[in-house]
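Below you'll find the structure, written out as structure tokens, and then a few comments.
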Amino acid sequence: MNLANGRYGEIDLSSGETQEHDLEEGYARSPTAFLSRIDAAIADAGEDAMAISSGILTGSLVPAAGAGFLRLVRDGSEAESMCPLLGFVGVELKLSGFDFLVISGKASGHGYIWIRDGIIEFVSSPGSASLDSWGRTDLIRSEQGDGRIQVIAAGSWAESQPPSSQLILNYWGGEDKIGCAAEFGSRKLTAIAFRGMGELDLEDSEGHFAASSELYGKHLAGLGENRGLASFSSAAEHEGYSELLHRSIACYGCPFPCRSFYKLFEDASVKERGAQEPGYLVYDVAAVEFLTSLELSPRDVITVLMRCARFGAEPVSVATAASAGGAVDIAAIQNVLESGGAGSSANSTLRRGFADSFEDVSDYATCLALGLCPRYWAKAGMDLEAIGRVSEPALGALINIVD
Ligand code: SF4
Numbered sequence: 072m073n074l075a076n077g078r079y080g081e082i083d084l085s086s087g088e089t090q091e092h093d094l095e096e097g098y099a100r101s102p103t104a105f106l107s108r109i110d111a112a113i114a115d116a117g118e119d120a121m122a123i124s125s126g127i128l129t130g131s132l133v134p135a136a137g138a139g140f141l142r143l144v145r146d147g148s149e150a151e152s153m154c155p156l157l158g159f160v161g162v163e164l165k166l167s168g169f170d171f172l173v174i175s176g177k178a179s180g181h182g183y184i185w186i187r188d189g190i191i192e193f194v195s196s197p198g199s200a201s202l203d204s205w206g207r208t209d210l211i212r213s214e215q216g217d218g219r220i221q222v223i224a225a226g227s228w229a230e231s232q233p234p235s236s237q238l239i240l241n242y243w244g245g246e247d248k249i250g251c252a253a254e255f256g257s258r259k260l261t262a263i264a265f266r267g268m269g270e271l272d273l274e275d276s277e278g279h280f281a282a283s284s285e286l287y288g289k290h291l292a293g294l295g296e297n298r299g300l301a302s303f304s305s306a307a308e309h310e311g312y313s314e315l316l317h318r319s320i321a322c323y324g325c326p327f328p329c330r331s332f333y334k335l336f337e338d339a340s341v342k343e344r345g346a347q348e349p350g351y352l353v354y355d356v357a358a359v360e361f362l363t364s365l366e367l368s369p370r371d372v373i374t375v376l377m378r379c380a381r382f383g384a385e386p387v388s389v390a391t392a393a394s395a396g397g398a399v400d401i402a403a404i405q406n407v408l409e410s411g412g413a414g415s416s417a418n419s420t421l422r423r424g425f426a427d428s429f430e431d432v433s434d435y436a437t438c439l440a441l442g443l444c445p446r447y448w449a450k451a452g453m454d455l456e457a458i459g460r461v462s463e464p465a466l467g468a469l470i471n472i473v474d
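Going by our numbering, the sequence shown opens with residue 72, and the numbers climb by one from there.
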């Protein structure tokens, strides 16, 4: 199959048993069919199952085609059932040998799922229970001997399973506004780690490259100058952010980065590697805007985001709880974080998360099922005809985007 592995994996955390399943030809003929196939696999695995998945076009040269997603079985809209997985997570997941992975059951002790070269296993890791999300990521990379392993980690907040806990992707938070981390905590799952060393087939690589290059050019002409996070939020235009800005970086295949790295502990102009943890990568627009509205300085906003990431706590929910007693400062935030999160509630205005960029939530689900970043495509304009035209040479068939 082009742009696909043609199989999915399954792991039951209760028994540690793993399985591989072949996928039938044409299972991903449309975003709707693809999501239905994942839902069927989840249903087969049991009532409590969930899935992490790459998208149909993840790893292609369609602009910003690096996304994956985590899919939960929940009542409500697609926005509350799908959490984007950005950066390089979606691509690495697809290159690990599976199009998606279904997870069911609960482990008897803490540990993480480790996927590479078509192999899935549960690695017992009792020592990781006391670590924060950064410690869990470091531990896995050290144990498996590869600093480029992609890690989706829960933090200590997930242990009490509040809806305000948040998954952290390779140290950074922003995607999980729907409490997926609580799902990890309830299973004693500290992280999912994977490394992609596989290859993907394309029907006509040259044709795909030419069509993609043309679309990149059109998008960049329309999007104008890129200013990193400030191109996506006026809150980040404050000069306090400019003084701390080190660089802006993009996820896989994105020509218009929104991820800005701010240095807190050394001069932002220092380009070489200096302090061990010099700052934090910010792309959580909703959190930056909410924390700014509480009159926190840019330095304090970034400090709050970094501390929340370590605890695996959603920053808007944390700040909402901290502000219940009046003015918010770093000390009030830290008190909430150290409470462990038990009983804390999610800020309900956030439930749409990255879907907030779309008027129609079905466009959000389509975007993720295709493996495209919803933030990028909301800004560039969700052009289904162009996506179909550019992806056709890669897939060898015109995808049925609206069925
Ligand atoms: S818009 Fe931002 S989150 Fe989306 S692909 Fe680009 S850099 Fe990543």
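Think of the CB as a built atom: it goes at the ideal place given N, C-alpha and C, for glycine as much as any other residue.
Which residues in the same chain as residue 407 place their Cβ atom closer than 6 Å to its Cβ, once the five residues preceding and following it in sequence are excluded? In the sequence shown, the residue the question calls residue 407 occupies position 336. Cβ within range, chain order: 389, 392 and 393.
Taking the DSSP output, what are the residues bridged to residue 73? On the sequence shown, position 2 is the one that residue 73 refers to. Residue 73 is bridged to 272.
Determine whether the beta carbon atoms of residue 245 and residue 355 lie at a separation below 9 Å. Your numbering for residue 245 matches position 174 in the sequence shown. Your numbering for residue 355 matches position 284 in the sequence shown. Yes, the pair counts as a contact, with Cβ atoms nearer than the cut-off.
Determine whether the beta carbon atoms of residue 95 and residue 189 lie at a separation below 9 Å. Your numbering for residue 95 matches position 24 in the sequence shown. Your numbering for residue 189 matches position 118 in the sequence shown. Contact flag unset, no.
Measuring straight from C-alpha to C-alpha, what distance separates residue 150 and residue 424? The residue you call residue 150 lines up with position 79 of the sequence shown. The residue you call residue 424 lines up with position 353 of the sequence shown. A straight-line Cα-Cα distance of about 7 Å links residue 150 and residue 424.
Using only the alpha-carbon positions, how far apart do residue 174 and residue 81 sit? For the purposes of this step, residue 174 is taken as residue 103 along the sequence shown, with counting starting at 1. For the purposes of this step, residue 81 is taken as residue 10 along the sequence shown, with counting starting at 1. C-alpha separation (whole angstroms): 6 Å.
Should residue 418 go down as buried or exposed, given a rule of 16 or more other Cβ atoms within 10 Å for buried? Position 347 of the sequence shown, counted from the start, is the residue given in the question as residue 418. Flag for residue 418 reads buried.
In whole angstroms, what separates the C-alpha of residue 398 from that of residue 372? For the purposes of this step, residue 398 is identified with residue 327 of the sequence shown, where counting begins at 1. For the purposes of this step, residue 372 is identified with residue 301 of the sequence shown, where counting begins at 1. Rounded to the nearest angstrom, the two C-alpha atoms are 14 Å apart.
Taking the alpha carbon of residue 166 as the point to measure from, which residue in 110, 204, 97 and 79 has its own alpha carbon closest? Within the sequence shown, numbered from 1, the residue matching residue 166 stands at position 95. Of 110, 204, 97 and 79, the residue nearest in Cα terms is 79.
For residue 485, count neighbouring Cβ atoms within 10 angstroms of its own Cβ and tell me buried if that reaches 16, exposed if not. For the chain, the structure presents residues 72 to 474; residue 485 sits outside this window and is missing.
Other residues of its chain near residue 368: CB distance less than 8 Å, five sequence neighbours each side excluded: Indexing the sequence shown from 1 puts residue 368 at position 297. For residue 368, where only same-chain residues beyond five positions count, the Cβ hits under 8 Å are 311.
Would you say residue 128 touches ligand 2, meaning its beta carbon is less than 8 Å from a heavy atom? As presented, the structure is devoid of ligand 2, carrying ligand 1 as its sole ligands.
May I ask you to list the residues that DSSP assigns as paired with residue 477? Because the chain in this structure spans residues 72 to 474, residue 477 falls outside the shown range and cannot be described.
Can you find a heavy atom of ligand 1 that lies under 8 Å from the Cβ of residue 475? Nothing about residue 475 can be reported from this structure: the residues present for the chain run from 72 to 474 only.
Rounded to the nearest angstrom, how far is the Cβ of residue 476 from that of residue 184, given a contact under 8 Å? There is simply no residue 476 to check, as the chain begins at 72 and stops at 474 in what is shown.
Excluding five sequence neighbours on each side, which residues of the same chain lie with their C-beta closer than 8 Å to the C-beta of residue 203? Position 132 of the sequence shown, counted from the start, is the residue given in the question as residue 203. 226, 227, 381, 382 and 383.
Buried or exposed: where does residue 247 fall if 16 or more other Cβ atoms within 10 Å of its Cβ makes it buried? Translated into positions along the sequence shown, residue 247 becomes position 176. Residue 247 comes out buried.
Any contact between the segment 274 to 282 and the segment 457 to 470? By contact I mean 3 or more CB pairs, one from each, below 8 Å. yes
Work out the CA separation of residue 304 and residue 433 for me, nearest whole Å. Locating residue 433 in the sequence shown gives position 362, where the first residue counts as 1. Locating residue 304 in the sequence shown gives position 233, where the first residue counts as 1. When rounded, the distance between both Cα atoms is 24 Å.
Given a threshold of 16 other Cβ atoms within 10 Å of its Cβ, counted over all protein chains shown, does residue 431 qualify as buried or as exposed? Taking the sequence shown and counting its residues from 1, one reaches residue 431 at position 360. So residue 431 counts as exposed.
Candidates 365, 333, 221 and 316: closest to residue 350 by CA position: Residue 350 sits at position 279 when you count from the first residue of the sequence shown. Selected option, being the one with the closest Cα: 333.
What does DSSP give as the partner residue(s) for residue 145 in the beta ladder? Within the sequence shown, the letter at position 74 stands for residue 145. None, per the DSSP bridge assignment.
Hey, how far is the Cα of residue 321 from the Cα of residue 294? On the sequence shown, position 250 is the one that residue 321 refers to. On the sequence shown, position 223 is the one that residue 294 refers to. Near 15 Å, if we compare the C-alpha coordinates of residue 294 and residue 321.
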